[in-house]
Amino acid sequence: MVSLSDTLVAVLDLILNSIDDLNKVEYNKKGRKYRFVNNTFQRIREEDKHLIICPEDLSLNLALILSYFILYNINGGDILSQYPDFCLAIMGVAQQLEQHQWYEEENSLVIHLKNSKYNPMAVQQMALDYATLHHQIEERHITMGLNLMMCAKLNFLHTDHHIGTKLEGYYMKHFISEYFGADALVAPDVLVALKSFVHWGNIKGILYKLEVPDVQTTAQLRANFAKFPDPMEELKLSVYDRYPSGTSKYSLIRKSIDILGDWKYSKLVPYPSFYDLNWLYELCHNIEKNPIKYHLRSSTKSLCEDPVNLTELSNKHSTNIKSLLTLISLIINVFHETGGEFLLQNSKIPKLTDELIAKNRNYYTKLVKIQAAIESYEEKGWDSDDIVLRLNNGDTANNQSFFDTVMAMREKYIDDYE
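Mind the numbering: the sequence shown is residues 0 to 417 in numbering that gives the first Met the number 0, read in order.
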């Protein structure tokens, strides 16, 4: 029988172990390791993928050697001979990041030599020989690498990740193909190398150079990036190619509404007065004007001041979002060749189920009746303009049509369409 004293000792041991666990600066969750860095827990990736730096002694060429070390350990180092320009671009930019302090602030991806758990200097001579004897890092390699880095930060802005399970982003794929050949687009080793490399650059500094409005910077960061090459105009404009991560549903709804507004029969479609569009166009205007404020990670990464809480935003507009997605589904499913058929592939747009029809019976019946009338005149050989003139005497003669409603919004936010 266990004595009372033994029981108390066991309980105390359990408490002490629990306290030890609480004091740990690392923890594991779903197979991922997190470390307490910069007053917050950040995910730790494979430690042999870190950029190890020693800015106090640049003569060590530590970033260059470390990047070679990583490349050397990818699939036996074949990438070093198969894609030398690619490897030189990574090594050259790694060196520039360390020299000019363009690297991400010390976190799970960038660490100081004193905190490193391994020493990459074992390949020091091999790395230096590769970059100076067997090959030569040229200015063009720096340009290549920085362009890839900027493309990855654009991916982060638009999708919340730098590199996925395959290359993403028009310009990322464009530059990889142009610089290193089309086969590099599908080369597994290239993808593995990029997954390490593109995380090293400072997100806020590079987005600042891409002229993303209102990125939160410091005087020191701006001074560090004063020598960062000015990005291509195409990359700056690409900031606005897509909405920031976390706001895709608003972009989807606005895009869908605009497509349907341009449809040749949109003047015949009655627009339900209780389906408000003002909030959508105003929100989209604000997102386009200040994308970083609406980014999914703006708060956790301190990308800007006063970031928008996307959960609160979604909850605020949840009823309107559901209503407009329903409206889009009904119109595209009832009418033929609206130009929006491809939108139905998006899971956010509800399928035309019996339940959806039942909840919107009156409006659905109106749409079906209009579609039948359009078909009857098309079968007689009438063109779309004549059909619109002939049929525009019912609901849409006395109420606003889909066309009228959308055009009113475009007029109100005309600058967004220039």
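Glycine included, each C-beta is placed from N, C-alpha and C at the ideal position.
| First through last residue of the alpha helix (DSSP H) which encompasses His-99 | Its alpha helix (DSSP H) spans residues 83-99.
| field | DSSP-derived helix/strand/coil call for Ile-162 | value | Here Ile-162 sits in coil by DSSP.
| said: Our contact map puts Val-238 next to Val-214 with C-beta atoms below 8 Å; I'd like the distance itself, whole angstroms only. | reply: Beta-carbon to beta-carbon, Val-238 and Val-214 are separated by about 11 Å, too far to satisfy the 8 Å threshold.
| said: Can you tell me whether Pro-269 is helix, strand or coil according to DSSP? | reply: In the structure shown, Pro-269 adopts extended strand secondary structure according to DSSP, grouped into three states.
| request: Give the DSSP bridge partners of Tyr-102, in chain order. | output: Gly-200.
| Cα separation between Leu-323 and Thr-299? | Leu-323 and Thr-299: Cα-Cα distance of roughly 31 Å.
| said: Pop quiz: Ile-252 and Val-197 are said to be a contact at Cβ under 8 Å. What is the actual Cβ separation, rounded to whole angstroms? | reply: 31 Å between Cβ atoms; not a contact.
| CA-to-CA distance, Arg-360 to Arg-375, given in whole angstroms | Sequence inspection shows Ser at residue 375; the Arg mentioned does not correspond to that position. Near 23 Å, if we compare the C-alpha coordinates of Arg-360 and Ser-375.
| said: In the DSSP output, what is Leu-50 paired with across the bridge? | reply: Val-109, per the DSSP bridge assignment.
| task | Assign Ser-400 to one of three DSSP states: helix, strand, or coil. | result | In this structure, Ser-400 counts as strand in the three-state DSSP scheme.
| request: Using only alpha-carbon positions, find the residue among Asp-188, Asp-84, Pro-230 that is nearest to Ile-205. | output: Nearest option by C-alpha distance: Pro-230.
| message | Among the candidates Gly-168, Gln-81, Tyr-170, whose CA atom is the shortest distance from the CA of Pro-187? | response | Measuring C-alpha to C-alpha distances from Pro-187 to each of Gly-168, Gln-81, Tyr-170 identifies Gln-81 as the nearest.
| Rounded to a whole number of angstroms, what is the C-alpha to C-alpha distance between Val-92 and Ile-78? | Taking the straight line from one Cα to the other gives about 17 Å.
| Same chain only: Cβ atoms within 7 Å of His-294, ignoring 5 sequence neighbours per side | Excluding residues up to 5 positions away in sequence, Leu-156, Pro-243, Ser-244, Gly-245, Leu-302 lie with their Cβ nearer than 7 Å to the Cβ of His-294 in the same chain.
| query | Nearest CA to the CA of Asp-56: which residue from Glu-97, Phe-174, Asn-72? | reply | Comparing C-alpha distances from Asp-56 to each of Glu-97, Phe-174, Asn-72 shows the shortest one belongs to Glu-97.
| field | Expected contact under 8 Å - CB spacing of Gly-338 and Ile-256 to nearest Å | value | Taking the Cβ atoms as the reference, Gly-338 lies roughly 12 Å from Ile-256, outside the contact range of under 8 Å.
| Just the Cα atoms here: how many angstroms apart are Lys-172 and Asp-353? | When rounded, the distance between both Cα atoms is 43 Å.
| Are the beta-carbon atoms of Ile-64 and Met-120 separated by less than 8 Å? | Taking C-beta atoms as the reference points, Ile-64 and Met-120 count as a pair closer than 8 Å.
| request: Check whether the Cβ atoms of Ile-136 and Leu-87 sit closer than 8 Å, and answer yes or no. | output: Their beta carbons are under 8 Å apart, which means Ile-136 touches Leu-87 by this criterion.
| said: Is the beta carbon of Trp-199 closer than 8 Å to that of Tyr-280? | reply: No, the Cβ-Cβ distance between Tyr-280 and Trp-199 is not below 8 Å.
| field | Three-state class that DSSP yields for Ser-244 in the structure shown | value | Of the three classes helix, strand and coil, the one that applies to Ser-244 here is coil, per DSSP.
| message | So the candidates are Thr-158, Lys-48, Ile-202; which of them puts its Cα closest to the Cα of Tyr-117? | response | If we check each option's Cα against that of Tyr-117, Lys-48 comes out closest.
| query | Counting along the chain, where does the alpha helix (DSSP H) carrying Met-125 start and finish? | reply | According to the DSSP assignment, Met-125 belongs to the alpha helix (DSSP H) that extends over 123-128.
| said: Using a Cβ-Cβ cutoff of less than 6 Å, which residues in the same chain neighbour Ser-115 once the five nearest sequence positions on both sides are dropped? | reply: The answer, listed in chain order, is Ile-51.
| task | Write down the C-beta distance between Ala-372 and Leu-390 rounded to the nearest angstrom, noting that I regard them as a contact closer than 8 Å. | result | Correct: roughly 6 Å between the Cβ atoms.
| query | Under a three-way DSSP split, which group does Gly-380 fall into? | reply | Here DSSP, grouped into helix, strand and coil, assigns Gly-380 to coil.
| said: Using CA atoms only, rank isn't needed, just tell me which of Glu-304, Leu-70, Pro-290 is closest to Leu-193. | reply: Nearest option by C-alpha distance: Leu-70.
| query | Is it the case that the Cβ atoms of Val-367 and Lys-266 are separated by a distance below 8 Å? | reply | Cβ distance not < 8 Å, so Val-367 and Lys-266 don't count as in contact.
| Along the chain, which unbroken stretches of the alpha helix (DSSP H) at least 4 residues long are found entirely within the stretch 298-345? | With a minimum length of 4 residues, the continuous alpha helix (DSSP H) runs that stay inside the stretch 298-345 are 309-315, 317-333.
| In chain order, what residues of the same chain lie with their CB nearer than 7 Å to the CB of Met-90, ignoring the 5 residues before and after it? | Same-chain partners within the cutoff: Leu-63, Ser-66, Tyr-67, Ala-130, Ile-136.
| query | Taking Cβ to Cβ, would you say His-284 is nearer than 8 Å to Asp-415? | reply | Result yes, Cβ atoms of His-284 and Asp-415 sit closer than 8 Å.
| task | Could you say which of Leu-209, Leu-132, Ser-383, Ser-346 lies nearest to Thr-325 if we only look at CA atoms? | result | Ranking the options by Cα distance to Thr-325, first place goes to Ser-346.
| request: Identify which residue in Val-109, Met-125, Asn-146 has its Cα closest to the Cα of Phe-85. | output: Comparing Cα positions, the closest option is Asn-146.
| request: With a threshold of 16 other CB atoms inside 10 Å of the CB of Lys-401, please say whether the residue is buried or exposed. | output: Note on identity: in this sequence residue 401 is Phe, with Lys being the wrong assignment. Buried, since its Cβ has 16 or more Cβ neighbours within 10 Å.
| said: Tell me the rounded alpha-carbon separation between His-160 and Ala-183. | reply: Taking the straight line from one Cα to the other gives about 20 Å.
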